[in-house]
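Undergrad: Input: one structure, supplied below.
Numbering (full-length UniProt numbering), first residue to last: 1 to 127.
Rendered as structure tokens:
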């Protein structure tokens with residue numbers, strides 16, 4: 001327990017080295033996940049995964065690249081076009097209606113309350 005904590009922290013307490021380690025870890029983690037996904041796709045679609053009878057036959061297999069690659073590319077393009085259309089043509093459609101109230105720097109509106117994950121801090125502030 002104690003040795004593991006000191007190894008993760010990089011010393012006897014949380015300091016700048018600990019933050020640097022965690023920032024680097026959180027930066028590298030998506031690249032590690034992407035590499036693991038690519039290795040998974042390579043191994044899975046080279047050997048195939050649906051073989052309940054245990055018969056090694058190429059008759060039931062279809063190649064990954066021309067079929068699934070184009071299907072995934074079409075799905076990605078459809079999603080990208082939909083999200084880009086929303087962002088460019090109707091950017092305020094998903095916004096909160098309270099964001100359109102004119103701002104007055106001298107008065108805090110009474111309807112302001114934080115999101116649910118900040119309510120504990122808001123309760124401390126209000127008490």
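Glycine is no exception: its CB is placed at the ideal position from the N, C-alpha and C atoms.
List the endpoints of the continuous alpha helix (DSSP H) containing residue 7.
TA: Its alpha helix (DSSP H) spans residues 2-9.
Undergrad: Starting from residue 68, trace the alpha helix (DSSP H) in both directions and tell me its first and last residue.
TA: No alpha helix (DSSP H) contains residue 68, which DSSP labels as neither H nor E.
Undergrad: Alpha carbon to alpha carbon, how far is residue 69 from residue 87?
TA: Approximately 27 Å between the Cα atoms of the pair.
Undergrad: DSSP three-state label for residue 85, please.
TA: Residue state, collapsed to three classes: helix.
Undergrad: Contact check, residue 64 vs residue 45 under 8 Å by CB: the rounded distance?
TA: Correct: roughly 4 Å between the Cβ atoms.
Undergrad: Out of curiosity, what's the CA-to-CA distance linking residue 38 and residue 76?
TA: Between residue 38 and residue 76, the C-alpha separation is close to 17 Å.
Undergrad: Over the uninterrupted alpha helix (DSSP H) stretch that includes residue 46, give me the two end residues.
TA: Where residue 46 is concerned, the enclosing alpha helix (DSSP H) stretches over 16-47.
Undergrad: Would DSSP call residue 78 helix, strand or coil?
TA: Helix, per DSSP.
Undergrad: Alpha carbon to alpha carbon, how far is residue 26 from residue 11? Give it in angstroms, no decimals.
TA: Taking the straight line from one Cα to the other gives about 20 Å.
Undergrad: Which of the three DSSP states, helix, strand or coil, is assigned to residue 97?
TA: Residue state, collapsed to three classes: helix.
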